[in-house]
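Q: As given, the protein sequences belong to chains Z, R and Y, one line each in that order.
Residue 151 in this note's numbering sits at position 45 of the first sequence, and the numbers go up by one each step.
Residue 228 in this note's numbering sits at position 241 of the second sequence, and the numbers go up by one each step.
Residue 153 in this note's numbering sits at position 102 of the third sequence, and the numbers go up by one each step.
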Amino acid sequence: MKITAAAHAHKPLSLSDPDGFKYLLITLTLAIIGLFLVLPLATVLTEAFAKGWLTYRDSLTHPDTLAAIRLTLLTALITVPLTTMFGVCAAWAIARFEFSGKNVLLTLIDLPFSVSPVIAGLIYVLVFGAQGWFGTWLSDHDIKIIFAVPGIILATLFVTFPFVARELIPLLQEIGHEEEEAALSLGAGSWKMFFKITLPNIKWGLLYGVLLCNARAMGEFGAVSVVSGHIRGLTNTLPLHVEVTYNEYDFVGSFAGASLLAGLAVVTLVIKTFLEWRQAQDLKSARVASE
Amino acid sequence: MPQSHIMPGFRPAISFTLVYLSLIVLIPLSAMLLKTFQLSWDEFWAILTNQRVIASFRVTFVSALSAAAVAGIFGFIIAWTLVRYPFPGKRLFDALIDLPFALPTAVAGIVLATIYQPNGVIGKLVLAVFGVQIAYKPLGIVFAMIFIGLPFVVRTIEPVLQEFDTAMEEAAASLGANRLQTFIKVILPNILPAALTGFALAFARAVGEYGSVIFIAGNMPYISEIVPLLIITKLEQYDYAGATAIGLVMLILSFILLLLINLLQGWLRRRNGQL
Amino acid sequence: MKLITLAKTVILIVALSVSFQVIADRTLLNVSYDPTREFYQEYNKAFIKDWKEKTGEDVQIQQSHGGAGKQARAVIDGLEADVLTLALSYDIDQIAAKTGKLDKSWQKRLPNNSAPYTSTIVFLVRKGNPKGVTDWTDLVKEGVAVITPNPKTSGGARYNYLAAWAFAEKKYGNKEAAKDFVKKLYKNVPILDSGARGSTTTFVQRGIGDVLLAWENEAFLAVNQLGPDQFDIIVPQTSILAETPVTVLDKVAEKSGTRDLAEAYLNHLYSPVGQKLAAKYYYRPFKPEFADPKDLARFPKLERVSVDEIFGGWEKAQATHFADGGTFDEIYAPQ
């Protein structure tokens, strides 16, 4: 599951591949990327603007769309900090200490990544749904979790669970703990060490994890769909709104919502590329410094 | 047992990790386990050996395997080209690889259906030239799964190719091996673990995929119905036990897959360490 | 420091979003199935205005739409609907049985089996009817692709299935022949979407299939909204009487203090305003005298048989045909 932000900056290697072969591969690569990645992105935009700019603008400023955008932002605003906090703690425990059961813990952290989103939604229904464990208690106390914002947030917490932790664990392991130990032996307190030494060292990787986590939090469909209840203007996130409008034959509205999400994806990719570049720079300068 | 006694924060960090893990992941997942335990073994077995359930597992796994294989080949080509050959716009294309990560699955589903349907841009072309329909056929599932699996393969192979020592290729060449022999004997064995990991990741992701697949699948029982959809279908017939039983099997399979992937990655890291 | 600021912001936003719900007026949540979207959009506005005039109170109505099975499942799992306006009584029976949130005799509470409007199943074909489809028997011909959703998850699809079955049983006189007929029909189905809307999109937007089995109102809507020059509606001689019932979910309405509002909301459906709007959106009103004659004239004449008449009620129809291992599964099992 690990997608390294590692050094992208490197020189093209001198090669002995024949030119024809080389061009064939480049063509193939461009064809695959074009057909599988560029074309879908372009399609979102052409469909969104199929009836012109004004219709597009009207779709986006519709109260239901705005409510969906608000809910999506709220969800991300709550889940991303929590997932980040968990990620930092888990990475610290796993990368800095030896304990038994570490591999199991690692696998459990990864688990939400490969669990079908449908199951992610289902399990919360089993716990908090009216027929579930706490169903009666919750309804007696008039607390709404499923089919309300808390359920959507819980499902999103589940699907974004590993994003920050999996980014930080290898990074912390790679950096090593010498600098931290030095700081401690010089009398720095734990928090001071963390904020002055650890955090600056991992900041690009951390931001990278946060970024991916945010993209997933805003874009989750399957899990949220199971726990949302699809109440217009109340529990529809932007991805659900895309589905709902699509089902209302409002294709422009649907693709307008989709274009926002696609825009988010593109912004994510741009920031990601920047972060990878910065991290590579830092690594390079660190290497130069140590040599 | 902490590795370094000076290092602070083990207790709070691990406590928070475990509590959070329990609250968000373990307790809800155990609810599914307990729900399934309400079934007798015979009932459980009857649900799983139902023809339609077996068929949907077959559809899901065959599609995911084929998709992961295709994504493996495509991903290898892309990674190779991106690492080895300079060409204009390379950075842009490299950045684009991660689009399927960042693009919400519902958007991906609608867009892929639009493109590959019989009167869509590519769907029309493929239908006219090859006489094959992609969307609403099992093939559509494979296409959606290739889309979501591609970045996993590229991003696991890329770093290994970058770190790969060309001196070995040069040595092989100087010993008289031609390019193909060098590739098969020297490059491939070194890339294979990474390619395998990428393949496994793409496979694991494809097996659980829901959002992007249902829009394009056709959803015909026995033919193009994937397991996650069957779980939803069971739920909508108020068959919670059936849904959780199938869900549990999926969960166990993902867990095994993940363990394998973690082992593979550990192996990969050790190998690379030796290089 | 930064973390604290962030935490504060989050708490503030949560508090704000919670308080929004507290300040708001009384709200009613109407959980409905797919094809009623357009109807309730307009009906809700009319009701809010009427209620304001009568009582001076501002109210809000929230809508949730989806496949019938999905919606009923959500209500069973705790979606707090004040009123249910679903596709078939079986789903509401299930809600009553599984949650106890309303009485089993709910269907007797409002006139016409609690169905203020009814519907039926018709065929939507491509313009000019290139395959020459005129009645059910044409659907089992080779080379005719029929689009219908999955009866396991879609209420409309169950009506489609039962309509075909009822036709065949009447025509051929026995259940074996009917089963054979329905089996042949489903052999011609290339895609099973999970809901009625999904099927309509497949047929209309994606251009797949020759015939769409659709709710009457859905077919009209597709023709009007998506292309009068592209589709024709074909009305078979016999079809099914689709009773689409409405009810108050008692326990929820009592808890949230909306019972009076919920009852008024449903009664208003039977009023001249509600009946007129139902006909406008192609639902056959219970009291046609209130509807615009022009709207009524659009409904073609056909014989509609009821589920009770042919199948002995929904409970039985569901158990025989759609339960796991039922007739639909047998029809679909690979040979």
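Ideal Cβ placement from N, Cα and C applies to all residues, glycine included.
Helix, strand or coil: which one does DSSP assign to Asn249(R)?
A: The residue labelled residue 249(R) in the question sits at position 262 within the second sequence. Looking at Asn249(R) - three-state DSSP - the assignment turns out to be helix.
Q: With a cut-off of 8 Å, does the C-beta of Asn353(Z) fall near any C-beta of chain Y?
A: As a working note, residue 353(Z) is residue 247 in the first sequence. Answer yes: the Cβ-Cβ gap between Asn353(Z) and chain Y drops below 8 Å somewhere.
Q: Taking DSSP as the reference, what is the three-state secondary structure of Trp52(Z)?
A: Any answer about residue 52(Z) is impossible in this case: the structure gives chain Z only from 107 up to 397.
Q: Could you give the C-beta distance for Ile198(Y) and Val233(Y), rounded to a whole number, given that I count them as a contact under 8 Å?
A: Position 147 of the third sequence holds residue 198(Y). Position 182 of the third sequence holds residue 233(Y). That belief does not hold up - the Cβ atoms of Ile198(Y) and Val233(Y) are roughly 16 Å apart, past 8 Å.
Q: Can you tell which of Val184(Y), Leu317(Y), Lys222(Y) has its C-alpha closest to the C-alpha of Pro32(Y)?
A: Since the first and last residues shown for chain Y are 52 and 386, residue 32(Y) lies out of range.
Q: Leaving aside the five residues before and after Val214(R) along the sequence, list all residues of the same chain whose C-beta is less than 7 Å from its C-beta, in chain order.
A: Taking the first residue of the second sequence as 1, we reach residue 214(R) at position 227. Within the same chain, Val214(R) has close Cβ partners Ser43, Phe44, Thr47, Ile233, Met237.
Q: May I ask you to list, following chain order, the residues of the stretch 83 to 101 of chain R that have a beta carbon less than 9 Å from some beta carbon of chain Z?
A: Leu83, Ile84, Asp85, Leu86, Pro87, Phe88, Ala89, Leu90, Pro91, Thr92, Ala93, Val94, Ala95, Gly96, Ile97, Val98, Leu99, Thr101
Q: List, in chain order, every chain Z residue whose beta-carbon is nearer than 7 Å to that of Leu238(R).
A: Against the second sequence, residue 238(R) aligns to sequence position 251. Correct list: Val221, Ile225.
Q: Whose C-beta lies closer than 7 Å to the C-beta of Ile377(Z) among residues of the same chain, with five residues either side of it excluded?
A: By one-based count along the first sequence, residue 377(Z) stands at place 271. Leu317.
Q: Counting along the chain, where does the beta strand (DSSP E) carrying Thr289(Y) start and finish?
A: Taking the first residue of the third sequence as position 1, residue 289(Y) is located at position 238. Here the beta strand (DSSP E) through Thr289(Y) covers 289 to 294.
Q: Does the contact criterion of 3 or more C-beta pairs under 8 Å hold for the stretch 107 to 126 of chain R versus the stretch 120 to 135 of chain Z?
A: no
Q: Less than 8 Å between CB atoms is the rule here; does Met19(R) satisfy it with respect to chain Z?
A: Residue numbering aside, residue 19(R) sits at position 32 when the second sequence is read from its first letter. Answer yes: the Cβ-Cβ gap between Met19(R) and chain Z drops below 8 Å somewhere.
Q: Measure the alpha-carbon distance for Ala351(Z) versus Ser360(Z) and round it to whole angstroms.
A: Translated into the one-based positions of the first sequence, residue 351(Z) becomes position 245. Translated into the one-based positions of the first sequence, residue 360(Z) becomes position 254. Position check: residue 351(Z) holds Thr in this sequence, whereas Ala was assumed. So the alpha carbons of these two residues sit roughly 5 Å apart.
Q: If you count every other CB in all the chains shown that lies within 10 Å of the CB of Gln72(Y), and 16 or more means buried, which is it?
A: In the third sequence, counting from the first residue as 1, residue 72(Y) sits at position 21. The pLDDT assigned to Gln72(Y) is 49, lower than 50, so where the model puts this residue is not dependable; a value taken from the coordinates is nonetheless given after this. Exposed: under 16 other Cβ atoms inside 10 Å.
Q: What residues of chain Z sit near Gln145(Y), judged by a beta carbon separation below 8 Å?
A: Your numbering for residue 145(Y) matches position 94 in the third sequence. Residues of chain Z passing the Cβ test: none, with the nearest at roughly 12 Å.
Q: Since Glu284(Z) is in the alpha helix (DSSP H), which residue starts that stretch and which ends it?
A: Counting from one through the first sequence, the residue named residue 284(Z) turns up at place 178. That run of the alpha helix (DSSP H) goes 284 to 291.
Q: Check the Cβ-Cβ distances between Ile337(Z) and every residue of chain Y, and say whether any is below 8 Å.
A: Working through the first sequence from its first residue, we reach residue 337(Z) at position 231. Ile337(Z) counts as touching chain Y.
Q: Express the C-alpha separation of Phe269(Z) and Glu286(Z) in angstroms, rounding to a whole number.
A: Here residue 286(Z) is taken as the residue at index 180 of the first sequence, counted from 1. Here residue 269(Z) is taken as the residue at index 163 of the first sequence, counted from 1. Roughly 24 Å between the two C-alpha positions.
Q: Using 8 Å as the threshold, is the C-beta distance between Ile127(Y) and Ile146(Y) below it?
A: One-based indexing of the third sequence puts residue 127(Y) at position 76. One-based indexing of the third sequence puts residue 146(Y) at position 95. Closer than 8 Å, so yes.
Q: I believe Val176(Y) touches Asp231(Y) by the beta-carbon criterion, under 8 Å. Please report the beta-carbon distance rounded to the nearest angstrom.
A: Taking the first residue of the third sequence as position 1, residue 176(Y) is located at position 125. Taking the first residue of the third sequence as position 1, residue 231(Y) is located at position 180. 24 Å between Cβ atoms; not a contact.
Q: From this set, Phe301(Z), Gly328(Z), Gly311(Z), Tyr355(Z), which residue's C-alpha is nearest Leu272(Y)'s C-alpha?
A: Position 221 of the third sequence, counted from the start, is the residue given in the question as residue 272(Y). Considering only alpha carbons, the answer is Tyr355(Z).
Q: Just to make sure I have the definition right: I need the residues of chain R whose C-beta is within less than 7 Å of the C-beta of Ala384(Y). Which are they?
A: In the third sequence, residue 384(Y) corresponds to position 333, counting from 1. Here the neighbours are Gln38.
Q: Please confirm if the stretch 141 to 150 of chain R is in contact with the stretch 174 to 194 of chain R, defined as three or more CB-CB distances below 8 Å between the two stretches.
A: yes
Q: By DSSP, does Asn37(R) sit in helix, in strand, or in coil?
A: Position 50 of the second sequence, counted from the first residue, corresponds to residue 37(R). Residue state, collapsed to three classes: coil.
Q: Specify the secondary structure class of Leu80(Y) as computed by DSSP and reduced to three states.
A: For the purposes of this step, residue 80(Y) is identified with residue 29 of the third sequence, where counting begins at 1. Residue state, collapsed to three classes: strand.
Q: If the cut is a Cβ gap below 7 Å, which residues of chain R does Thr204(Y) touch?
A: By one-based count along the third sequence, residue 204(Y) stands at place 153. The contacting residues are Thr220, Glu223.
Q: So Tyr103(R) and Ile203(R) are supposed to be a Cβ contact under 8 Å. How far apart are they, rounded?
A: Taking the first residue of the second sequence as 1, we reach residue 103(R) at position 116. Taking the first residue of the second sequence as 1, we reach residue 203(R) at position 216. Going by Cβ atoms, the distance from Tyr103(R) to Ile203(R) rounds to 6 Å, so yes, they are a contact pair.
Q: Please list the partners that Pro215(R) has in chain C, where partner means a Cβ-to-Cβ separation under 8 Å.
A: In summary, chain C is missing from the structure at hand, where the protein chains are Z, R and Y.
Q: Can a CB atom of chain Z be found closer than 8 Å to the CB of Asp128(Y)?
A: Here residue 128(Y) is taken as the residue at index 77 of the third sequence, counted from 1. Chain Z, which has a Cβ nearer than 8 Å to the Cβ of Asp128(Y), makes this yes.
Q: When the cut-off is 8 Å and only beta carbons count, does Pro138(R) lie next to chain Y?
A: By 1-based counting over the second sequence, the position of residue 138(R) is 151. Not closer than 8 Å to any Cβ of chain Y, the Cβ of Pro138(R) fails to qualify, so no.
Q: Taking the alpha helix (DSSP H) that Asp359(Y) belongs to, which residues open and close that run?
A: To locate residue 359(Y), count along the third sequence from 1; it is residue 308. Segment 358 to 362, the alpha helix (DSSP H) holding Asp359(Y).
Q: Assuming Glu294(Y) and Thr169(Y) are in contact, meaning their beta carbons sit under 8 Å apart, how far apart are those beta carbons, in whole angstroms?
A: Here the question's residue 294(Y) lines up with position 243 in the third sequence. Here the question's residue 169(Y) lines up with position 118 in the third sequence. That belief holds up - the Cβ atoms of Glu294(Y) and Thr169(Y) are roughly 5 Å apart, short of 8 Å.
Q: Using beta-carbon positions only, say whether Ala386(Z) and Leu90(R) come within less than 8 Å of one another.
A: Taking the first residue of the first sequence as 1, we reach residue 386(Z) at position 280. Taking the first residue of the second sequence as 1, we reach residue 90(R) at position 103. No. Outside cutoff.
Q: Below 8 Å, can you find three or more Cβ-Cβ pairs linking the stretch 217 to 226 of chain R to the stretch 15 to 31 of chain R?
A: no
Q: Which residue comes first and which comes last in the alpha helix (DSSP H) that contains Ile14(R)?
A: As a working mapping, residue 14(R) is identified with position 27 in the second sequence. Looking at the DSSP string, the run of the alpha helix (DSSP H) that includes Ile14(R) is 14 to 24.
Q: Given that Val150(Z) touches chain R, what residues does it touch there, using C-beta distances under 8 Å?
A: Counting from 1 along the first sequence, the entry for residue 150(Z) is found at position 44. Result: Val94, Val98.
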